[in-house]
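Read top to bottom, the protein sequences are chains X and L. Sequential numbering of the first sequence, starting at 491, is according to this note's numbering. Sequential numbering of the second sequence, starting at 491, is according to this note's numbering. First comes the structure, then the notes that go with it.
Number of protein chains: 2
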Amino acid sequence: MQDIQDPAPTRGRAGRKAKRAAGAAHAAPAYITRNIPTFELLGEEGLAKLEENAETILQEVGFEVREDEEARRLFREAGADVQGERVRFPRGMLPAIIRATAPSCFTQHARNPARSVKIGHPHTVFSPAYGSPFVQDMEGGRRYGTMADFENFVKLAWASPWLHHSGGTICEPVDIPVNKRHLDMVYAHMRWSDKGFMGSVTAGDRAADSIEMCRILFGADFVDENCVIMGNINMNSPLTCDLTMTAALRAYASANQCAVVVPFILGGAMGPVTTAGAIAQAHAEAMVGVALTQLVRPGAPVVYGNFLSSMSLKSGAPTFGMPEPALACLAVGQLARRLGVPLRCGGGLTASKIPDYQAGQESADSLMPALLCGANFILHGAGWMEGALVMDYEKFMLDAEHLGMMHVFMGGLALDDNALALDAFRENGPGKHFFDCAHTMANYETAFFEPSLSDNTPFEQWEERGSQDARTRAHGAWKKVLAEYEAPPLDEGVDEALREYMARKKGEMPDKWY
Amino acid sequence: MQDIQDPAPTRGRAGRKAKRAAGAAHAAPAYITRNIPTFELLGEEGLAKLEENAETILQEVGFEVREDEEARRLFREAGADVQGERVRFPRGMLPAIIRATAPSCFTQHARNPARSVKIGHPHTVFSPAYGSPFVQDMEGGRRYGTMADFENFVKLAWASPWLHHSGGTICEPVDIPVNKRHLDMVYAHMRWSDKGFMGSVTAGDRAADSIEMCRILFGADFVDENCVIMGNINMNSPLTCDLTMTAALRAYASANQCAVVVPFILGGAMGPVTTAGAIAQAHAEAMVGVALTQLVRPGAPVVYGNFLSSMSLKSGAPTFGMPEPALACLAVGQLARRLGVPLRCGGGLTASKIPDYQAGQESADSLMPALLCGANFILHGAGWMEGALVMDYEKFMLDAEHLGMMHVFMGGLALDDNALALDAFRENGPGKHFFDCAHTMANYETAFFEPSLSDNTPFEQWEERGSQDARTRAHGAWKKVLAEYEAPPLDEGVDEALREYMARKKGEMPDKWY
């Protein structure tokens, strides 16, 4: 790795400054190592049935691989039946390809090595929400996202101790031309954060630009041998992929970078309205994409993605945080684990327009199944609002704190002698409170997660402070973080080279706005 | 059972009327039969360690059984070492008593047999919140609860399809004297609902009154042979019970009615600040109470309760929906299952002052672990606000809908041919949406839980309707339910006998206000 600034800034010379800037950020782990079991919703029979159905879909109905002769060639040579754009897969072909070479766990390197993350069992990485055209905050209201918003969210994610990753298209910066904004987005992740990030997937050459910028930041040799960037690539569900998708996937895989392959299915629209059918389809689609990465470059890091949700059948609107996708998520976790590949799930999802009770409930009910099912990469961990249409500043802060709580949950139950506290009982006896016993004194500072946005004060105190709801409290919080933000250091030569690359690429293209 | 009105009113002559009054209430099941596994947080070693520590606490430190010579006599005769009020239990004594006679599952009969519930594996029963001195709604604000509020909540719970039970002290009716309000509360459950309910536990004679009223409603012989009422009895944690608690427990058990035994532990106050220690203590305390019911009357229905939460160690305030009690809940579920007794857990808990993001998140994060851990009776399922200080009208409606979603979750994943939808894939092929395929047409009406308070409409429509948050939407909802409420029929003779009993008992006592 070439000349990355400050190999361990949290402990090195820049440590104190970074700590001051980021609050408790750097006291938290770079990623979660789970210490609780996964939840096994289905037994062998149920799982085999879903796998069987996925294979039947792949064999009988097949997949449309549109506009990409190279992808079809790879599938044909691996044994698929290719008729025009329709590709049918013999039973067992895709799992065999995947199991042969796809890594079960890999490291995504960050420019700050202390923030590199492990993607795969038994680890979990939290990343912000992705892809909203709008942003919202209590003061500015709902509006199109801009590059300034994008940078704000990169900074907020960097400063949060509970987000391990900088994410990708945190919001669409609509003030930058469509064909150039990927450069600014990748640069923003590189410049204003030192956590891992995702690159562009909206065209093969934009994916290539994203990777090229990584070569400048990390060094070309390092990039060829290590994962430094991810691309989040949605399938064109049902059972289809187009060239945008496969070209980006091939760009990442051929550069030994991570493609996250995500069937995007709302039951009743891009898949059947019954959950089991949608799961089998999602499994089939994910396997097609994951296998393609391995045909492009065996051993390339890859993530099996899940984005399966429900619809309101009254209005046709997508719904999130509902019980059907929770069940689906738990089953998909088992299927991905049986394939032996890392899993991405959504968490923090909601259809609500503002961070209210509905948003809190739906976010929690989508995050918990993702954690229980063994997801290794949580996209949409913070900020997601209105079914991905809006990135919300206040919800970002509330969600991030919720992710903090989940660090404790994933850490499981300590059962050592100190945790079991027999001496405290011996000291105290029956009927006496534990407020000031020696065991409490020795443990109280670290015993419980201490939220800063959730309010636990007495009613009178809460009233005195203005009877603020959670959203209002979060409004002050993100403003404070941005005001106190200090950028992590970046080598000036690298920064210059990145800017120079962007300027050159932008100069080669006319602006496109759609 | 004597002359209970209308054995199956939802299907009988009163059916249409009841249905109209209660909306979808009576389409929902009387209780949940779970079709998903429990979550096994700990392995054998961890569970054995917790049980071992509970036994050590019981043996070495022991329990203070205050003011109740009868309870101490029962423990002494069963093999405990009784020194003054301190009772120490030989290792293994309590589990042996419990396993010998405590039922693993029993029916709590409702006066409408169609609303009788099964308490025990694999069933789950949802009940409203319990015990708040205050009530709150958006219009009336936060205020002391009254009998009118109490009746309102009984009616709301009766009308909800997702609450299986009428609960107990839904709120404290502070406009009725302390020593008489139990009569009004029990009567309200009997008169304005036909679901199961809980009686008084604040004194032995109030418990006796509650049971006596059941004898009038159900007939004395039926009551002696069947469970028709529960009493929710908190231990005086740590490791203590007083006469209020044991007298009520003995009253329920001796009448063959259900005592729910609940250690009430906030870690750092009534128990050690470390979670594992608090779990071992809770297990010890629950076993003391559960075993006592079996010594009073072997085979009496009983529920093992869990109420273990955390504290803010900055302010000393109790916190809810936090990760530590979530882990505790999962472990306690395993311990209760190993004892073979039904389990009560909290769900829908929050420290928030209003139904905001925090309330939604904390409620969800306390409900999900309760469901996963195998809880058979969920107290505080709807309405709980501000750490049990407030019963909130709007949150009641939002929580109840959330419980509806959990019906789907607990129902698990259908894996039959219709659910797997192979024909839909064959009909559709790749690339075509499923909106109007035959499979969608045949399934869309029942495919997904359709919330009525969660908003999934497009932003513009939501804005047109006044940009209402979930709380505001819920405000209209409870008013509508109360306006449309029609009481389930009750035999006039029974009603008269109940009123006569109340009048007589009230006449025998001067009012007490504290």
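Heads up, the beta-carbon is just placed ideally off N, CA and C, and yes, glycines get one too. Bear in mind that the values here come from a model prediction, so they are computed numbers and not experimental data.
Ordered along the chain, which non-local residues of its own chain (more than five positions away) have a Cβ less than 8 Å from that of residue 702 of chain X?
Only 991 meet the Cβ criterion.
Provide the residue span of the beta strand (DSSP E) that contains residue 720 of chain L, from first to last.
Start and end: 720-724.
Any idea which residues DSSP pairs residue 808 of chain L with across the strands?
Per DSSP, L:801.
Listed from N- to C-terminal order along the chain, which residues in the region 644-656 of chain L have their beta-carbon within a distance smaller than 8 Å of any beta-carbon of chain X?
Going along the region 644-656 of chain L in chain order, one finds no residue with a Cβ nearer than 8 Å to chain X.
Which residue's Cα is closest to the Cα of residue 585 of chain L: L:848, L:781, L:953, L:972?
Cα-wise, what sits closest to residue 585 of chain L is L:781.
From residue 588 of chain L to residue 561 of chain L, what distance separates their C-alpha atoms?
Their backbone Cα atoms lie some 16 Å apart in a straight line.
So the beta strand (DSSP E) residue 539 of chain X belongs to, where does it begin and stop?
Note, residue 539 of chain X: premise wrong, no beta strand (DSSP E); alpha helix (DSSP H) at 534-546.
Using a Cβ-Cβ cut-off of 9 Å, state whether residue 952 of chain X counts as contacting chain L.
Closer than 9 Å to some Cβ of chain L, the Cβ of residue 952 of chain X qualifies, so yes.
Between residue 985 of chain X and the rest of its own chain, which residues show a CB-CB distance below 8 Å, the 5 nearest in sequence each way excluded?
Answer for residue 985 of chain X: 681, listed in chain order.
Taking 7 Å as the limit between beta carbons, can you name the residues of its chain near residue 665 of chain X, skipping five residues before and five after?
These residues qualify, in order along the chain: 636, 637.
By a C-beta neighbour count over all protein chains shown, 10 Å radius and 16 as the cutoff for buried, is residue 598 of chain L buried or exposed?
Its Cβ being crowded by 16 or more others within 10 Å, residue 598 of chain L is buried.
Taking Cβ to Cβ, would you say residue 615 of chain X is nearer than 9 Å to residue 521 of chain X?
Contact flag set, yes.
Since I believe residue 824 of chain X is in contact with residue 531 of chain X (beta carbons under 8 Å), could you give me their beta-carbon distance rounded to a whole number of angstroms?
Right, the Cβ-Cβ distance comes to about 7 Å (below 8 Å), so this counts as a contact.
Taking 8 Å as the threshold, find out whether the region 911-918 of chain X comes into contact with the region 742-756 of chain L through three or more Cβ pairs.
No, they do not touch.
Compare the C-beta of residue 858 of chain L with all C-beta atoms of chain X and state if any pair is closer than 9 Å.
For residue 858 of chain L, the answer is yes, since a Cβ of chain X falls inside 9 Å of its Cβ.
Is the CB-CB distance between residue 618 of chain X and residue 655 of chain X below 9 Å?
The answer is yes: Cβ separation under 9 Å.
So what does DSSP say about residue 668 of chain X, is it helix, strand or coil?
Coil, per DSSP.
Using Cβ-Cβ distances below 8 Å, what residues of the region 726-738 of chain X are close to chain L?
So the close ones are 726, 728, 729, 730.
According to the Cβ coordinates, are residue 740 of chain L and residue 794 of chain L closer than 9 Å?
Against a cut-off of 9 Å, the Cβ pair of residue 794 of chain L and residue 740 of chain L comes out as no contact.
Can you look up residue 622 of chain X in the DSSP assignment and give me helix, strand or coil?
DSSP places residue 622 of chain X in strand when its eight states are reduced to three.
By how many angstroms is the C-alpha of residue 967 of chain L removed from the C-alpha of residue 940 of chain L?
Looking at the two C-alpha atoms, the distance is approximately 15 Å.
Would you please state the rounded distance, in angstroms, between the beta carbons of residue 778 of chain L and residue 553 of chain L? I believe it to be under 8 Å.
Contact holds; Cβ gap of about 5 Å.
Residue 897 of chain L and residue 518 of chain L: beta carbons closer than 9 Å?
Their beta carbons are under 9 Å apart, which means residue 897 of chain L touches residue 518 of chain L by this criterion.
Tell me, to the nearest whole angstrom, how far the beta carbon of residue 454 of chain X is from that of residue 564 of chain X; I am working on the premise that it is less than 8 Å.
With chain X running from 491 to 1004 in the structure shown, residue 454 of chain X is simply not present.
Is any beta-carbon of chain X found at less than 9 Å from that of residue 521 of chain L?
For residue 521 of chain L, the answer is no, since every Cβ of chain X falls outside 9 Å of its Cβ.
Here's the rule: buried if 16 or more other CB atoms are within 10 angstroms of the residue's CB, otherwise exposed. What is residue 937 of chain X?
With 16 or more Cβ atoms within 10 Å of its Cβ, residue 937 of chain X is classed as buried.
Check each candidate in X:541, X:535, X:523 and name the one with the smallest Cα separation from residue 822 of chain X.
The option with the nearest alpha carbon to residue 822 of chain X is X:541.
Contact check, residue 766 of chain L vs residue 910 of chain X under 8 Å by CB: the rounded distance?
Yes, residue 766 of chain L and residue 910 of chain X are in contact; Cβ-Cβ is about 5 Å, under 8 Å.
Kindly indicate which residue of L:694, L:704, L:698 has the alpha-carbon position closest to the one of residue 687 of chain L.
Among L:694, L:704, L:698, the Cα nearest to that of residue 687 of chain L is on L:704.
In angstroms with no decimal places, state the Cα-to-Cα distance between residue 643 of chain X and residue 883 of chain X.
The straight-line gap from Cα to Cα measures roughly 8 Å.
Using CA atoms only, rank isn't needed, just tell me which of X:819, X:539, X:679, X:758 is closest to residue 934 of chain L.
Among X:819, X:539, X:679, X:758, the Cα nearest to that of residue 934 of chain L belongs to X:758.
Roughly how many whole angstroms lie between the Cα atoms of residue 512 of chain X and residue 894 of chain X?
Note that residue 512 of chain X has pLDDT 38, beneath the 50 cutoff, so the model's placement of it is unreliable and no number is given.
Can you find the residues in the same chain that come closer than 8 Å, C-beta to C-beta, to residue 996 of chain L, ignoring five residues on each side of it along the sequence?
Within the same chain, residue 996 of chain L has close Cβ partners 670, 673.
Quick one: grab the DSSP three-state call for residue 778 of chain L.
Helix at residue 778 of chain L.
Please list, in chain order, the chain X residues whose beta carbon lies closer than 8 Å to that of residue 804 of chain L.
Here the neighbours are 940.
DSSP state of residue 493 of chain L, grouped into three classes?
With a pLDDT of only 34 at residue 493 of chain L, under the threshold of 50, the placement of this residue in the model should not be trusted; the figure read from the coordinates follows. Correct three-state label for residue 493 of chain L: coil.
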